DNA sequence: CTGCAAGATTGCAGAACCTGCAAGTATTCC
DNA sequence: GGAATACTTGCAGGTTCTGCAATCTTGCAG
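Residue numbers (our numbering), protein chains in the order written: chain A, 13 to 237; chain B, 13 to 237.
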């Protein structure tokens with residue numbers, strides 16, 4: 013067995029190297045080379061995992077395919093899971109944030125939309141995105157781990173909700189508002205687990221607007237019974 | 013780093029041995045010895061983890077303290093996480109199940125109550141329960157893993173909800189009802205994550221009725237805004 | 001109570017993930 | 001061009017976990 017460590021590998025973040033988004037053609041020669049090497053490793057990782065299955069894709073094999081040392085692999089990604097899970101949810105854009113804060117709509121639905129956007133639309137490399145999706149469909153364990161990266165949005169989204177409350181001039185005890193915000197995030201994350209499960213089961217590639225709308229509808233139905 | 017593999021170690025279930033609930037004084041000499049040995053291992057594990065921290069509690073150390081071989085350890089518990097996470101949520105009792113199915117109350121609240129009961133009240137050994145609680149408070153990583161064991165109730169609880177729907181003579185498309193049930197479980201689990209987080213942060217030992225009631229109140233507030 | 005069969009434990013070898021450290025190599029900057 | 005800096009690598013070692021074969025214990029039948 014020993015399938016998949018769903019939790020954050022907790023091995024800390026990658027150690028050194030150009031940390032923040034080495035987005036290809038930024039900076040000097042060095043930075044470019046590193047970005048390119050990382051991309052090569054990621055491609056190798058998914059290619060091998062799609063061939064042999066997640067658990068049989070050893071980091072030794074990945075390193076050999078990408079032509080780097082194992083040590084460098086761990087410098088880059090911190091752990092085996094690191095390559096596969098990617099950088100986690102993206103930061104929310106300012107416009108999305110503003111829209112959310114000022115929306116008059118139902119809190120849970122808006123939240124789900126926001127989460128959906130931070131999770132889905134942020135892989136710079138389309139190939140990688142597709143392969144990750146494919147792997148998630150093929151390996152339930154991996155899917156589970158992928159879904160659980162969602163939990164990392166909690167803190168930032170609680171803050172967002174607090175802003176929204178402020179915009180609505182809601183008053184009340186600090187602690188009450190905070191609790192309410194936290195519960196909202198917890199519920200939204202729960203609902204999104206459902207959405208992603210669906211997405212990984214279905215044949216379609218992307219999460220579609222319909223799926224999200226249906227989920228919001230289900231939430232409404234459930235919370236009123 | 014390398015703190016905690018939150019996901020199921022996925023290493024399969026323990027291999028051999030008297031599998032099902034070796035509840036101490038059941039069966040012959042052999043079964044009793046095994047139950048006793050397992051308990052000793054569990055105690056050793058938590059004692060050491062509370063002394064040195066979860067990640068520094070090596071299974072070697074645990075085995076030495078409990079006086080068994082490492083190999084036997086893995087036969088018993090399947091993985092390091094196995095000892096600490098325990099057997100996971102208990103099976104729901106028939107009376108609880110019936111009560112849930114026939115309750116006229118709000119679905120989400122009832123569900124949360126049910127989950128709370130399957131999670132909390134099933135450790136045969138009070139010491140172990142207390143130590144697990146203490147460790148969860150001390151190690152956020154462990155707490156996370158513990159909370160995520162909740163996910164395993166999904167399947168059984170979906171079935172429960174379907175029964176409840178049937179008892180209420182709800183009709184509709186099979187698939188719709190199933191989706192609704194799944195969403196309900198997802199939301200309830202989300203809400204319970206909140207509850208457990210709270211429980212592990214606070215000073216109090218047990219999850220109190222108040223905490224649950226407050227959580228249900230929060231859910232209502234959130235779902236109506 | 002003796003001895004056999006089934007079941008449990010153990011040691012060993014080894015795979016796989018991951019870390020610290022020191023030495024080597026490449027880039028950058030002056 | 002050469003020093004300073006940053007990255008890569010190899011190596012040794014730690015930890016979790018598995019398969020296998022040998023050994024020991026228990027349960028049981030005669």
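Every residue gets a Cβ at the ideal spot worked out from N, C-alpha and C, and that includes glycine.
Note that the structure is predicted; figures quoted are calculated from it, not measured.
For residue 82 of chain A, the enclosing alpha helix (DSSP H) stretches over residues 82-89. The alpha-carbon of residue 172 of chain B is positioned some 21 Å away from that of residue 159 of chain B.
For the pair residue 169 of chain B and residue 157 of chain B, the Cα-to-Cα distance works out to about 20 Å. Following the DSSP letters along the chain, one finds residue 162 of chain B in no alpha helix (DSSP H), marked with neither H nor E.
Between the alpha carbons of residue 78 of chain A and residue 148 of chain B lies a gap of roughly 40 Å. Unbroken alpha helix (DSSP H) runs of no fewer than 4 residues, entirely contained in the segment 161-234 of chain A, are found at 166-179, 186-213, following chain order. Residues 135 of the same chain have their beta carbon placed closer than 6 Å to that of residue 141 of chain A, with the five preceding and five following residues left out of the count. Residue 135 of chain A carries a coil assignment under DSSP once its states are collapsed to helix, strand and coil. The closest CA to that of residue 214 of chain B, considering only B:111, B:155, B:97, B:47, is found on B:155.
Only those residues of the segment 164-187 of chain B whose C-beta falls short of 8 Å from the nearest C-beta of chain A would be listed, and there are none. With the rule of 3 Cβ pairs closer than 8 Å, the segment 217-233 of chain B does not count as touching the segment 222-233 of chain A. In the three-state reduction of the DSSP assignment, residue 110 of chain B falls in the helix class, which pools H, G and I.
Note that the C-beta distance between residue 176 of chain B and residue 113 of chain B is below 8 Å.
Here residue 197 of chain A is near residue 123 of chain A, since their CB atoms are less than 8 Å apart.
In the displayed model, residue 103 of chain B falls within coil according to three-state DSSP, outside both helix and strand. Within chain B, 198, 199, 200, 201, 202, 203, 205 have C-beta atoms less than 8 Å from the C-beta of residue 202 of chain A, given in sequence order. The contact set of residue 231 of chain B on chain A, defined by CB atoms closer than 8 Å, consists of 195, 199, 235 in chain order. For the segment 100-129 of chain B, the beta-carbon criterion of a distance under 9 Å to any beta-carbon of chain A is satisfied by 118, 119, 120.
The C-beta of residue 191 of chain B has 16 or more other C-beta atoms within 10 Å across all chains shown, which makes the residue buried.
If you draw a 10 Å sphere on the C-beta of residue 139 of chain A, you find fewer than 16 other C-beta atoms in it, and that means exposed. Straight across, the Cα-Cα distance linking residue 104 of chain A with residue 223 of chain A is about 21 Å. By the criterion of a C-beta distance shorter than 6 Å, residue 174 of chain B is surrounded in its chain by 193, once the five residues flanking it on both sides are discounted. Rounded to the nearest whole angstrom, the C-alpha separation of residue 42 of chain B and residue 163 of chain A is 44 Å. Within chain B, the residues 230, 233, 234 have their CB atoms less than 8 Å from the CB of residue 192 of chain A, given in chain order. Excluding five sequence positions before and after residue 205 of chain B, the CB atoms of its chain that fall closer than 8 Å to its own CB belong to 159, 162, given in chain order.
CA-to-CA, the gap between residue 107 of chain A and residue 179 of chain A works out to about 15 Å.
Around the beta carbon of residue 182 of chain B, fewer than 16 other beta carbons sit within 10 angstroms, so the residue counts as exposed. Taking C-beta separations shorter than 8 Å and ignoring five residues to either side along the sequence, the partners of residue 207 of chain B in its chain run 124, 128, 219, 223, 224, 227, following chain order. Taking residue 189 of chain B as the centre and dropping the five residues before and after it, the same chain places the C-beta of 174, 177, 182 closer than 8 Å to its C-beta, in chain order.
In this structure residue 57 of chain B is not in contact with residue 47 of chain B, their Cβ atoms being roughly 16 Å apart against a cut-off of 8 Å.
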